[in-house]
Amino acid sequence: MRKSIKLGLGAALALSVSSAAVMAENVKIAFIDPLSGGFAATGINGLNQFEFAAETLVNAKGGVLEGDMFEILPFDNKVSPKESLIQLQVAIDQGARYIVQGNSSGVANALTEAIDKHNRRNPDSQVLFLNYSAVDPALTNEKCNFWHFRFDPHADMKMAALTDMLAENQDIKKVYVIGQDYSFGKAVADAAVSMLAEKRPDIEVVGNELHPIGKVKDFTPYARKIVSSGADAVITGNWGADMLGLGKSILENGFEGPIYTYYAAADGITAAFGESGVDSLYLIAEGDDNPPPKAETQEYVQAFKAKYPDGNMSQTRITNVIQMLAQAINEAGTATDVVQVANALEGMTFTDSLWSTAEMRMRPEDHQLIQDIHIYGHQPVEAPYDMDNSGYGLKIQYTVENASADIATTCDMQRP
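Heads up: the sequence shown runs through residues -24 to -1, 1 to 392, numbered per mature numbering (1 follows the signal peptide of the UniProt record, and there is no 0).
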């Protein structure tokens, strides 16, 4: 009889543990970005920011749906669209229902098409694509779909803010545009040329050039062309090693004007420029000043740096992705029915960002987040709010509030 009772208690305990496991399941979020190769620094730092945001902003506060925890699953795509599609399927097979990616719009275009097809064919394993940094305008225009949400202003929105600032500088008469030869680089170039013509028709575009992405070892020939063109300013959308190589070469070859960029910070870039980048490098982004005015944001940055001493809080939108996803899941009452989660994200008004006191809104027409955009200057910044532990970082120089809230979209959203 005693043995029978012990077995009964053991069975009850096993049932209890099993029930708890079922009740509290991890919400799996697949991070598909470069974790090796020339752009690994950017990808690894992004992964660290996602993991820290999930643990600090969601899991440490009890998770979502009264106990479900966020789990970040890292996948190395080597900045390859083909490899990304392989990793996407692996992630789905492992139970991921949310995909985050940002480095390379070429990859993002491949992912959004594949996810759209997958979701139509596999209603029981549908996924959402939370795009945190791929800014080809087509993704929320002609290539938009219900499953894709973008948390970073797209290239045209950023260029609108940049050219507003540039147009006010009457010393600029000639501009050189240079970028990586893929969809994003072409979008930046097209936007720069058209917006400059509209806002400052007197400005001459003295160069408009694309180079192979991730393959140029020596940017000296490009830098010499820029200097010899007589340009007063440079515009580039380069990122990662291509931004570092181009920017350093431009300055080393004697260029003295402003270099307006999308991604000239962190991942070794800020440290490499150091004093030479002051009053030369400018960057368009969302976020806040450094140090940020909110005490809770300062504490968040300090905690991140304590955990990742060599890391950078360089993509503040990552916290918005995590917080808004958590809010959407709680509002939908489910993490597995991604259609309901998407419906909660559509039109969401978000007011709890660590990086802004302004309201953000996920525009339902095209799933583009509307928010303030800043032009930052490369300036001395105190630790731990600097980049690369260099004593330099980003300081706000110019702000466009609620940027491009009324920008037109060609998105014809097809909802399930």
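Ideal Cβ positions, reconstructed from N, Cα and C, are used throughout, including at glycine.
In the DSSP assignment, Val314 falls within the unbroken alpha helix (DSSP H) covering Val314 to Leu321.
Nearest C-alpha to Tyr258 among Arg97, Ile75 and Met219: Met219. Closest option to Gln77, judged by alpha-carbon separation, among Ala168, Ala86 and Tyr108: Tyr108. Met133 and Glu174 have their C-alpha atoms roughly 15 Å apart. In summary, Lys4 is buried, with 16 or more beta-carbon neighbours lying within 10 Å of its beta-carbon over all protein chains present.
In the DSSP assignment, Tyr198 falls outside any beta strand (DSSP E) and lies within the alpha helix (DSSP H) extending over Thr196 to Ser204. Our two residues, Asp9 and Asp364, have alpha carbons roughly 21 Å apart in a direct line. For Ala131 against Ala163, the beta-carbon gap comes to about 4 Å, under 8 Å, which counts as contact. Secondary structure note for Met336: its beta strand (DSSP E) is the uninterrupted segment Met336 to Arg339.
Looking at the backbone, the Cα of Asp128 and that of Phe326 are separated by about 14 Å.
Measuring C-alpha to C-alpha distances from Ala67 to each of Val55, Leu87, Ser80 and Asn79 identifies Leu87 as the nearest. Between Glu341 and Lys119, the alpha-carbon positions lie close to 13 Å from each other.
Contact between the segment 280 to 294 and the segment 237 to 248 is established, with three or more Cβ pairs separated by less than 8 Å. About 5 Å separates the beta carbons of Val182 and Lys150, which is inside the 8 Å limit, making them a contact pair. Per DSSP, the beta-bridge partners of Glu47 are Lys4. In the DSSP assignment, Asn85 falls within the alpha helix (DSSP H) that extends over Ser81 to Arg97. Ranking Pro50, Trp215, Ile226 and Glu59 by CA distance to the CA of Asp208 puts Ile226 first. Along the length of the segment 20 to 76, whole alpha helix (DSSP H) runs at least 4 residues long occupy 57 to 69, reported in chain order.
Each residue's CA atom was taken as its position, placing Gly263 and Pro269 some 11 Å apart.
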